Amino acid sequence: MASRLPPLNALRTFVAAARHGSFRAAAEELCVTTGAVSRQVRLLEEWLGLDLFDRSRRQVRLTPVGARYFVRVAELFDQLATATGSLRETGGGRVLHLDCIPTFAMHWLLPRLPVFKVAFPDVELSLFTAPDRIDLSRPLDYAIRRDPGHFAGLTPHPLMSERSAPVCSPRLLAELDGAAMPDGLADRTIIAIRARRDLWPHWCAANHIGVDRLGSRLEVDHTYVAIQAAEDGLGIALVPLLFIERQLADGRLVPVPGCPAVETGRYFLLEHRHRDHVALPGLADWLRRQDGPANPG
Numbered sequence: 001m002a003s004r005l006p007p008l009n010a011l012r013t014f015v016a017a018a019r020h021g022s023f024r025a026a027a028e029e030l031c032v033t034t035g036a037v038s039r040q041v042r043l044l045e046e047w048l049g050l051d052l053f054d055r056s057r058r059q060v061r062l063t064p065v066g067a068r069y070f071v072r073v074a075e076l077f078d079q080l081a082t083a084t085g086s087l088r089e090t091g092g093g094r095v096l097h098l099d100c101i102p103t104f105a106m107h108w109l110l111p112r113l114p115v116f117k118v119a120f121p122d123v124e125l126s127l128f129t130a131p132d133r134i135d136l137s138r139p140l141d142y143a144i145r146r147d148p149g150h151f152a153g154l155t156p157h158p159l160m161s162e163r164s165a166p167v168c169s170p171r172l173l174a175e176l177d178g179a180a181m182p183d184g185l186a187d188r189t190i191i192a193i194r195a196r197r198d199l200w201p202h203w204c205a206a207n208h209i210g211v212d213r214l215g216s217r218l219e220v221d222h223t224y225v226a227i228q229a230a231e232d233g234l235g236i237a238l239v240p241l242l243f244i245e246r247q248l249a250d251g252r253l254v255p256v257p258g259c260p261a262v263e264t265g266r267y268f269l270l271e272h273r274h275r276d277h278v279a280l281p282g283l284a285d286w287l288r289r290q291d292g293p294a295n296p297g
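The sequence shown begins at 1 in UniProt numbering and counts up by one.
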């Protein structure tokens, strides 16, 4: 038996396009391309056998039947959101949707989750680890990012600063055998992170060193790969210190003498305020208080 309901993704796309009066604005809200919005709307029109938008002008406009349909469908989506919000509130705890980069989750946030559960016992955490842009098309209450380019449509709350320093394995440090630093970097493999191409140039500028004085390079995609490569003795990595607290504490990584840490950014808690937003007013303050070695006990 054929479904009497049209494709739900097409309906959701139609509501966004109708509400904005623009395929482009709907695409930005849903984090898809304008072409994807157009295809979903066309799919819905073909399913209904009706034109919902007038495309004869440069700006798309709802047809009379499209306007009537939008009123009814938007009302149903509101009812669905209300029912979902009520269920979440009574289903045994609030669900907080948080987005952060994988390295931040692995090396900073996860070791602190036992303390989080003590501070917020009635909150269940749903964690997304996105390496780049923030996807606003899925449930999201907060995100943690360093780059201000992610702030569009979100309310920023400043958290902790980021300081980065060159580190290596104890075995590699022994091989340096007291070499004068930072000049000795020219004779060693430098681990560079493609996602953070700014790190080594910024560190060199802060220490009045030419980038051309660095040694050969091993390039990796992400910070967590650079951390592992440094642990394995493959070179000297310049990484944020907040991500290697445990490695420094247990001796898997050691600072390179004569190579000081420099400030390389600041992290922000980004709040996504929307109708079903789960607000946690104390979250920013709690995160700031965790700026230091994790203590799960």
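Glycine included, every Cβ here is placed at the ideal spot set by N, Cα and C.
All of these numbers come straight from a predicted model, not from anything done at the bench.
Are the CB atoms of residue i and residue j nearer to each other than 8 Å?
i: Val41; j: Leu52; result: yes
i: Gly153; j: Leu136; result: yes
i: Glu124; j: Leu96; result: yes
i: Glu231; j: Ser169; result: yes
i: Glu219; j: Ala192; result: yes
i: Leu270; j: Thr155; result: yes
i: Ala143; j: Asp99; result: yes
i: Tyr267; j: Leu199; result: no
i: His277; j: Pro131; result: no
i: Thr33; j: Ala25; result: no
Just verifying my parser: in three-state terms, what is the DSSP assignment at residue i?
i: Met160; result: strand
i: residue 340; result: With the chain represented from 1 up to 297, any question about residue 340 goes unanswered, as that position is not in the structure.
i: Val95; result: strand
i: Phe120; result: coil
i: Met1; result: Note that Met1 scores a pLDDT of 39, beneath 50, so its modelled location is shaky; the value from the coordinates is reported in the next line. Reduced to three states, the DSSP call for Met1 is coil.
i: Phe104; result: helix
i: Ala74; result: helix
i: Leu80; result: helix
i: Gly210; result: coil
i: Leu127; result: strand
i: Ala165; result: strand
i: Arg61; result: strand
i: Ala279; result: coil
Tell me which residue opens and which closes the alpha helix (DSSP H) that residue i is part of.
i: Arg252; result: That residue, Arg252, is in no alpha helix (DSSP H); it is neither H nor E in DSSP.
i: Thr223; result: Thr223 to Glu231
i: Gly35; result: Thr34 to Leu48
i: Phe243; result: It is not in any alpha helix (DSSP H) - Phe243 carries neither H nor E in the DSSP assignment.
i: Leu185; result: First-last for Leu185: undefined, no H or E at that position.
i: Arg289; result: Leu283 to Arg289
May I have the straight-line CA-CA distance separating residue i from residue j, to the nearest angstrom?
i: Ala284; j: Gln290; result: 10 Å
i: Ala174; j: Pro240; result: 23 Å
i: His208; j: Leu8; result: 57 Å
i: Pro182; j: Asp141; result: 43 Å
i: Pro255; j: Glu245; result: 12 Å
i: Val65; j: Arg273; result: 32 Å
i: Thr129; j: Leu110; result: 12 Å
i: Asp212; j: Ala81; result: 56 Å
i: Leu280; j: Pro139; result: 15 Å
i: Thr90; j: Arg72; result: In this prediction, Thr90 scores a pLDDT of 49, lower than 50, which makes its location untrustworthy; no coordinate-derived value is stated.
i: Leu242; j: Asp250; result: 15 Å
i: Thr63; j: Gln228; result: 58 Å
i: Leu44; j: Ser22; result: 16 Å
i: Ala261; j: Arg217; result: 20 Å
i: His107; j: Val60; result: 47 Å
Quick check on the DSSP output: the beta strand (DSSP E) that includes residue i runs from which residue to which?
i: Arg217; result: Arg217 to Val220
i: Val15; result: No beta strand (DSSP E) contains Val15, which is instead part of the alpha helix (DSSP H) from Leu8 to His20.
i: Arg171; result: Per DSSP, Arg171 belongs to no beta strand (DSSP E); it is in the alpha helix (DSSP H), Pro170 to Leu176.
i: Ala261; result: That residue, Ala261, is in no beta strand (DSSP E); it is neither H nor E in DSSP.
Check your understanding: Where in the stretch 129–153 do unbroken runs of the beta strand (DSSP E), each at least 3 residues long, occur, reported from the N-terminal end onward?
Key -> 142–145
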